[in-house]
Amino acid sequence: MPSLQGIFDAPGPVADATKRLRHRGFTDLEIYAPAAFPELDDALDEKPSRVRVFTLVGGLLGVVTGYAMTIWMSYDWPVMIGGKPFAAIPTYTVIGFELTILFGGLATLLGLLLVGRLPYGSFGRNDKGYDKRFSGEEFGLVVGCRERDVAEVDALLRAHHAKEVNLVEA
Amino acid sequence: MTPPPAAAESIHAVGPPADSQINRDLLAPMEGVSLGYFLLLGTTLLAVTAAALTWIYQIYIGLGIAGYTHPVFWGVYIVTFVFWVGIAHAGTLISAILYLFRAKWRNAINRSAEAMTVMAVMTAGMFLGIHVGRIWKAYFILPYPNQRGLWVNFRSPLEWDTFAISTYATTSIVFLFIGLIPDLAIARDRTAGWRRLLYTGLALGWQGTARQWKAHSRSVLHLSGLATPLVLSVHSVVSWDFAMSIVPGWHATIFAPYFVAGAIFSGFAMVLTVMIPVRRIFGLEAYITDYHFENMARFILLTSWIVGYAYMTEYFVAWYSGVEAEQSAFWFRAFGPYWFSTWTMIVCNVVFPQLFWFKRLRTHVPTLFVVSTFVNIGMWFERYVIIITSLGREYDPAVWGVYTPTWAELTIFTGSFAFFAMLFLIFMKLLPVVAIYEVKELAIHERAHAAEGAH
């Protein structure tokens, strides 16, 4: 199946072209950008990123671990200090808080790796649609389509200011 | 949908050159090493070696070679520990809090500030090891299952500190790394040899697809949300190492906000002290502008007032409390044998930053450099004043005493600055000092708007 790679200079036209292509029923689309742009965030997938689930679960796991660990350890070897309860909850809040952040942060990293599908493929050395210019200042829109649609996609990409359209895979 | 061809041409007219200028400018500092660089690196390495040998000697001989003696058993090591933890705070403030506030000016400085956070926390962490008498038992502080069935005391602020500092170190490294991934991909595409191998591995095959960017910006957002309360908590916990005890001069409720403000104050000063020469040497004036420096100067002015207010509150509370021990502790601070540290602290932290009321001085780079250096000195003395003078005179006059730092402490203290400088020098040659993709984001936005205007 052939793939066409359009090279763009700005995020706006990429978003427009993507919208148009999706409207026309093309589903094998990939956008490459040199930085994060709100226009492109939802161009392929409108659903909110799942990273937030990772952060939330990590944070909750952290706070539970923090309190559970401190309370359990206090009762495992009870030391009476000044007639106070063995488990001194207010002071354990510091541990609970720090572990919320620690677990939340590590879970966010895990979320980025899983949701962003990293580490990816052959570490970026020979990926078909990728071009070094995308880590410069240019944008890419790679469309996988049937042989007979090549002309249409080519025209559509050029109509949206693609300054160059290449056939990356025959 | 299809615009006229004339519009298409106008977009091409403002297109970027073959490789982007931003990439070339911001990757340039990583290339090549001059003789000056090697001399600087060698000097820092020498000082670090001296400090390391001193530490080994101290482990062999015992803490006696530090100036620790009755009644002061928290000396320069703890002072310097608190100093470096404070320095770390500016990085998180710039990368997390200013990110949440959408302050665009942070983009040029956040990378180096984040890196400074990681390096400063590493430097600070070592002092906890240097300070303890038996380093080979340092792992006792961790709650690990052991034959004796003992657990650590979670009521102790020192235990809180263990958790706070290790969480801070881990989260800062994660934050720095996530920010670096896209820039590592840029470097991967533009280098050869061992560097290419290194960046290929570290960039994890980043391609900048829409899905990756979406996950990336969410991750940065969530980490900022986590790091903001974290940065406030870390120095609060450090302050509670002192405030939870009943030592006169330490036992105060204002300690947490007082320490956090001081940390941000000293952190911004350190970022200025480091970035002014870096910008000059690598010619990054187009990216790190006087506007960035001016904003940091504003932060220094603001936090200088908070810190100054805290000094006044401390004295007021000591007087108003009617507690004689508190009153004499503060009298001793200002007019006792440590008067020099107290007045250095006040002059450097409260008087000198007032120069930043004047725009001409805020934008005058030599003034910024000198004042920020004085703030660094003043903030080190602030911790010296808090820790040493309070311990020097507790409740019982029979055990009052005077502490003087020894050669061992001063060697290790100097070594810590060299260690920080050495890490920064290595960082500059290995990783981009400015977040390239964030600079591009702004540049491409501006260009797109300019192109729309041209229609």
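For the record, the sequence lines run as chains A and B. To convert a position in the first sequence, counted from 1, into the working numbering, add 3. To convert a position in the second sequence, counted from 1, into the working numbering, add 683. Ideal Cβ positions, reconstructed from N, Cα and C, are used throughout, including at glycine.
| Item | Value |
| --- | --- |
| Could you name the residues of the same chain whose beta carbon sits closer than 8 Å to that of Gly139 (chain A), not counting the 5 residues immediately before and after it, in chain order? | Pro37 |
| Helix or strand or just coil, what does DSSP make of Gly715 (chain B)? | coil |
| Please classify Asn169 (chain A): does DSSP put it in a helix, a strand, or coil? | strand |
| Can you name the residues that DSSP bridges to Thr660 (chain B)? | Nothing can be reported for residue 660 (chain B), as the shown portion of chain B is limited to 684 through 1138. |
| Report the residue from B:Pro865, B:Trp896 and B:His905 whose alpha carbon sits nearest the alpha carbon of Leu887 (chain B). | B:Pro865 |
| So for Pro699 (chain B), helix, strand or coil by DSSP? | Note on Pro699 (chain B): pLDDT 43, under 50, position unreliable in the model; no value is reported. |
| Hey, how far is the Cα of Phe764 (chain B) from the Cα of Phe810 (chain B)? | 6 Å |
| When you compare the CB positions of Thr111 (chain A) and Ser902 (chain B), do they come within less than 8 Å of one another, or not? | yes |
| Taking 8 Å as the CB-CB cut-off, is Asp872 (chain B) touching chain A? | yes |
| State whether the region 714 to 730 of chain B contacts the region 1107 to 1121 of chain B, with contact taken as three or more CB pairs (one from each stretch) at a distance under 8 Å. | yes |
| So if DSSP puts Ser6 (chain A) in a beta bridge, which residue, or which two residues, is it bridged to? | A:Gly147 and A:Glu172 |
| Are Met1062 (chain B) and Gly808 (chain B) close, meaning C-beta to C-beta below 8 Å? | no |
| If you draw a straight line from the alpha carbon of Tyr992 (chain B) to that of Val957 (chain B), how long is it in whole angstroms? | 27 Å |
| Going by CA-CA distance only, name the one from A:Ile98, A:Gly61, A:Arg53 and A:Val54 that's closest to Leu841 (chain B). | A:Ile98 |
| With distances taken Cα to Cα, identify the nearest neighbour of Gly862 (chain B) among B:Gln741, B:Met1105 and B:Arg794. | B:Arg794 |
| Between Ser52 (chain A) and chain B, is any beta-carbon pair separated by less than 8 Å? | yes |
| May I ask which residues mark the beginning and end of the alpha helix (DSSP H) holding Leu32 (chain A)? | Here Leu32 (chain A) belongs to no alpha helix (DSSP H); instead the beta strand (DSSP E) covers Leu32 to Tyr35. |
| If you drop the 5 nearest sequence neighbours on each side, which residues of the same chain put their C-beta closer than 6 Å to that of Ser1145 (chain B)? | What is shown of chain B runs 684 to 1138, which leaves residue 1145 (chain B) out entirely. |
| Name, please, each residue of chain A whose Cβ falls closer than 7 Å to the Cβ of Asn706 (chain B). | Gly139 |
| Can you pull the chain B residues whose beta carbon is under 8 Å from the beta carbon of Ala13 (chain A), in chain order? | Ile694, Ile1127, Arg1130, Ala1131 and Ala1134 |
| Suppose you measure from the CA of Val1 (chain A) to the CA of Pro5 (chain A); what does that come to, to the nearest Å? | There is simply no residue 1 (chain A) to check, as chain A begins at 4 and stops at 173 in what is shown. |
| What is the DSSP secondary structure of Thr892 (chain B), counted as helix, strand or coil? | strand |
| Run through the DSSP bridge pairs and tell me what Phe142 (chain A) is partnered with. | A:Phe11 |
| Below 8 Å on the Cβ atoms is my guess for Ser949 (chain B) versus Asn1059 (chain B); work out the distance and round it to an integer in Å. | 6 Å |
| Less than 8 Å between the CB atoms is what I'm expecting for Ile804 (chain B) and Tyr970 (chain B), so what's the real figure, rounded? | According to the sequence displayed, residue 804 (chain B) carries Val and not Ile. About 26 Å separates the two Cβ atoms, so there is no contact after all. |
| DSSP on Val954 (chain B), reduced to helix/strand/coil? | helix |
| Is the region 903 to 920 of chain B touching the region 99 to 108 of chain A, taking contact as three or more C-beta pairs under 8 Å? | yes |
| Would you please verify whether the beta carbon of Glu33 (chain A) is less than 8 Å from any beta carbon of chain B? | yes |
| Tell me which residue opens and which closes the alpha helix (DSSP H) that Lys1042 (chain B) is part of. | Lys1042 to Arg1045 |
| What's the call for Tyr740 (chain B), buried or exposed, on a 16-neighbour Cβ count within 10 Å? | exposed |
| Mapping the DSSP letters down to three states, classify Phe837 (chain B) as helix, strand or coil. | coil |
| So Val920 (chain B) contacts chain A; which residues on that side make the cut at Cβ distance below 9 Å? | Val97 and Glu101 |
| I want to verify the contact list: residues of chain A whose CB lies under 9 Å from the CB of Pro826 (chain B), in sequence order. | Met72, Thr73 and Met76 |
| Restricting to Cα atoms, I'd like to know which of B:Trp738, B:Thr892, B:Ser855 and B:Ile989 is closest to Arg817 (chain B). | B:Trp738 |
| Could you run through the region 1031 to 1045 of chain B and flag, in chain order, every residue whose CB is less than 9 Å away from some CB of chain A? | none |
| Apart from the five residues on each side of it in sequence, which residues of its chain come closer than 8 Å, Cβ to Cβ, to Gly812 (chain B)? | Ile818 and Ala821 |
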